[in-house]
Amino acid sequence: MAAPRSVVVETGSWGLDQDAESPSGKKLKPEKFPLSRWEFAAALGVFLVFSTGLLCIYLTMPAAEYEMLKLPRTLADLRLLKDHLVTYAQVNPAKFILGYCSTYIFMQTFMIPGTIFMSLLAGALFGVIKGLLLVVFNATAGASSCYFLSKLIGRPIVTWLWPEKLKFFQAEIAKRREKLLNYMLFLRVTPTLPNLFINLASPIVDIPFQIFFLATVIGLVPASYITVRAGLALGELKSVKDLYDFKTLAILFLIGSILLIPTILKRKRVYE
Numbered sequence: 001m002a003a004p005r006s007v008v009v010e011t012g013s014w015g016l017d018q019d020a021e022s023p024s025g026k027k028l029k030p031e032k033f034p035l036s037r038w039e040f041a042a043a044l045g046v047f048l049v050f051s052t053g054l055l056c057i058y059l060t061m062p063a064a065e066y067e068m069l070k071l072p073r074t075l076a077d078l079r080l081l082k083d084h085l086v087t088y089a090q091v092n093p094a095k096f097i098l099g100y101c102s103t104y105i106f107m108q109t110f111m112i113p114g115t116i117f118m119s120l121l122a123g124a125l126f127g128v129i130k131g132l133l134l135v136v137f138n139a140t141a142g143a144s145s146c147y148f149l150s151k152l153i154g155r156p157i158v159t160w161l162w163p164e165k166l167k168f169f170q171a172e173i174a175k176r177r178e179k180l181l182n183y184m185l186f187l188r189v190t191p192t193l194p195n196l197f198i199n200l201a202s203p204i205v206d207i208p209f210q211i212f213f214l215a216t217v218i219g220l221v222p223a224s225y226i227t228v229r230a231g232l233a234l235g236e237l238k239s240v241k242d243l244y245d246f247k248t249l250a251i252l253f254l255i256g257s258i259l260l261i262p263t264i265l266k267r268k269r270v271y272e
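Under UniProt numbering, think of the first position of the sequence shown as 1, with each following residue one higher.
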């Protein structure tokens, strides 16, 4: 999780009522669900394993903590959750970190929105250094888990949701095979492509896991630092959008451009 990225989901006509009609008067049929029964069963099995683990961790907490435990969707929710958990995190640091990490990785694996709030919470409860280490670890673990899940069942989903974006990504990767790490670092540092799409599409376009892993660990640091640091002033933050103003985005693109220099120089030498 990590920096927020906007994701445009192109689902076509999936979900339309079977009786819906086109402007020409012909009935429209909903698009076929992209997963086979085996793929859906595999995804459901992984989901149930994660969910069971989270439930076991949840049941170890005192009953008094249950009422306020919910995924924050707004900054107001996050402030209430932080105030509720601050004492528990200090008294039971190991249990809290286990629950926090499991929730973050679960959300990242199954593409559940809201990890930016988890990153802000880490900064608010643990400070910049510890919070940053915690966020980068969880974001990398969750992205890696999503990578392997996509390797198992991701191709039909990505092809179904983002066919044009996948073709573009595949073409860009093919042009940069020799300096692939630099390009992946650029994508991780900048909001050029959504992190969700990168996690799902990387195994499909044959990006080796070691490159994916290194780019994720290193590339998520700048944006994670910005988010975690903002968590220190959680009470003053008015909107999540304030985290990534024009100045911040310009800095991220500058860092990303520097990372691309080896790739640009390599291509220049080839054409000379």
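Beta carbons: idealized from backbone N, C-alpha and C, even for Gly.
Cα-Cα separation, residue i to residue j
i, j, result
"Phe-253", "Tyr-244", "12 Å"
"Ser-51", "Ile-173", "34 Å"
"Ile-97", "Phe-209", "26 Å"
"Met-118", "Tyr-104", "7 Å"
"Trp-162", "Ile-153", "15 Å"
"Cys-101", "Gln-170", "32 Å"
"Val-49", "Ile-261", "43 Å"
"Ile-255", "Tyr-225", "14 Å"
"Thr-74", "Ala-43", "29 Å"
"His-84", "Lys-175", "50 Å"
"Pro-247", "Val-91", "Going by the sequence as given, residue 247 is Lys instead of Pro. Straight-line Cα distance between these residues: approximately 39 Å."
"Ala-89", "Leu-132", "17 Å"
"Arg-37", "Asp-242", "43 Å"
"Ala-143", "Phe-106", "10 Å"
"Val-9", "Phe-47", "Any answer about Val-9 is weak, because its pLDDT of 38 lies below 50 and its placement is not dependable; what the coordinates show is given next. In a straight line, the C-alpha of Val-9 is about 22 Å away from that of Phe-47."
"Trp-160", "Leu-166", "10 Å"
"residue 273", "Ala-141", "Residue coverage of the chain in this structure runs from 1 to 272, which leaves residue 273 outside it and unanswerable."
"Leu-187", "Ala-215", "9 Å"
"Asp-17", "Tyr-58", "Unreliable positioning characterises Asp-17 in this predicted model, as indicated by a pLDDT of 41, which lies under 50. The coordinate reading is nonetheless provided below. In a straight line, the C-alpha of Asp-17 is about 39 Å away from that of Tyr-58."
Which listed residue (the options) has its alpha carbon closest to that of residue i
i, options, result
"Val-136", "Thr-227, Lys-151, Leu-55", "Thr-227"
"Lys-82", "Leu-125, Gly-256, Val-46", "Leu-125"
"Leu-180", "Ala-230, Leu-259, Thr-248", "Leu-259"
"Met-61", "Ala-94, Val-46, Leu-71", "Ala-94"
"Ile-129", "Trp-160, Thr-115, Val-221", "Val-221"
"Gln-108", "Arg-155, Pro-194, Val-86", "Pro-194"
"Ala-230", "Met-184, Leu-121, Pro-72", "Leu-121"
"Ser-257", "Leu-214, Val-240, Thr-192, Asp-206", "Thr-192"
"Thr-251", "Val-240, Lys-241, Val-189, Ala-215", "Sequence inspection shows Ile at residue 251; the Thr mentioned does not correspond to that position. Of the listed residues, the one whose Cα sits closest to Ile-251 is Val-189."
"Gly-127", "Arg-155, Phe-246, Val-86, Tyr-147", "Val-86"
"Met-111", "Glu-164, Gly-53, Cys-146, Asn-182", "Cys-146"
"Phe-40", "Arg-176, Arg-155, Ala-215", "Arg-155"
"Leu-54", "Asn-92, Gly-45, Gly-99", "Gly-99"
"Ala-223", "Ile-207, Leu-249, Asp-206", "Leu-249"
"Glu-178", "Ile-207, Tyr-58, Cys-56", "Ile-207"
Presumed contact (8 Å Cβ cut-off) between residue i and residue j, rounded CB distance
i, j, result
"Val-158", "Ile-198", "In fact, because the Cβ distance is near 11 Å, the residues do not count as touching under 8 Å."
"Leu-200", "Ser-150", "5 Å"
"Leu-185", "Gly-219", "5 Å"
"Ile-116", "Val-240", "6 Å"
"residue 274", "Gly-114", "Given that the chain is displayed from residue 1 to residue 272, the structure contains no residue 274 and the question cannot be resolved."
"Gly-123", "Leu-232", "6 Å"
"Phe-212", "Ser-202", "5 Å"
Endpoints, the alpha helix (DSSP H) within which residue i is located
i, result
"residue 273", "In this structure the chain extends from 1 to 272, so residue 273 is not present and cannot be described."
"Ala-42", "37 to 59"
"Ser-224", "221 to 231"
"Ser-145", "115 to 161"
"Tyr-183", "180 to 189"
"Ile-198", "195 to 201"
Check: residue i C-beta below 7 Å from any heavy atom of the ligand COA
i, result
"Ser-239", "With respect to the ligand COA, the structure shown offers nothing to examine, as it has no ligands at all."
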